[in-house]
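A.B. asks:
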Amino acid sequence: MAPLIILIVVTLVLALAGAAGVRWLRPWPLAVRGGVAAMFTATGISHFVGMREQLIDMVPPALPAPALLVTVTGVLELAGAVGVLWPRTAPWAAAGLTAMLVLMFPANVYAVQSGVLTAWDDQIVPRTLMQVVFLAATLTVFVHARRGDQARLNRPAHSRS
């Protein structure tokens, strides 16, 4: 639940800053980009501190080296969080984070079915709905960043920097 709250709160704060006059935050997808970066920073850090053991337990037994997988996905989440903030890497980072969300969803299903998760997190419907929100956010970043790339490519050569 915490990642969802981080995504929503940071996105809203940045969107409000854009509405209040922070010019570079005016396009609302940039606020979503900041929310995605904050969320994946938090979840990436949790792969190393706080929730590491629980995340290792969430890895389905069919997959090898659960601790290594948690470490690798944590590093990838942190790299993706940084990547979505830089316009040149944002589409690639958003695509990578989207793929990770899809590929890691079976671990969420396994965690619910095996009883690894507790309280609100132990329900498949809320976890699935959260994943849909996360996917919508990463896809928003991807689409907006790709449009920005296309706009840069379509500008006359003398106006590019």
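Per this note's numbering, the sequence shown starts with residue 36, numbered consecutively.
Even glycine gets a Cβ: it sits at the ideal position worked out from N, Cα and C.
Everything numeric in this text was worked out from a predicted model, so none of it was measured.
Judging by CA-CA distance, which residue of T78, A73, T46, V71 is the nearest neighbour of R61?
C.D. replies: In the sequence shown, counting from the first residue as 1, residue 61 sits at position 26. For the residues T78, A73, T46, V71, the minimum Cα distance to R61 belongs to T46.
A.B. asks: State the start and end residues of the unbroken alpha helix (DSSP H) segment that holds Q148.
C.D. replies: As a working mapping, residue 148 is identified with position 113 in the sequence shown. First-last of the alpha helix (DSSP H) with Q148: 125–149.
A.B. asks: Does the stretch 68–76 come within contact of the stretch 43–57, defined as at least 3 CB pairs closer than 8 Å?
C.D. replies: Enough Cβ pairs lie closer than 8 Å, so yes.
A.B. asks: Would you kindly report the start and end of the unbroken alpha helix (DSSP H) that includes L107?
C.D. replies: Sequence index remark: in the sequence shown, residue 107 carries index 72 (1-based). Residue 107 is actually Val in this sequence, not Leu. Where V107 is concerned, the enclosing alpha helix (DSSP H) stretches over 101–118.
A.B. asks: Determine the DSSP secondary structure at A73, reduced to helix, strand or coil.
C.D. replies: Within the sequence shown, residue 73 is the residue found at index 38, counting from 1. If DSSP states are grouped into helix, strand and coil, A73 belongs with the helices.
A.B. asks: Any idea what DSSP makes of Q158, helix, strand or coil?
C.D. replies: As a first step, residue 158 must be located in the sequence shown, where it is residue number 123. Coil, per DSSP.
A.B. asks: Candidates L170, I80, I41, A37: which alpha carbon is nearest A130's?
C.D. replies: Residue numbering aside, residue 130 sits at position 95 when the sequence shown is read from its first letter. That would be L170, whose Cα lies nearest to the Cα of A130.
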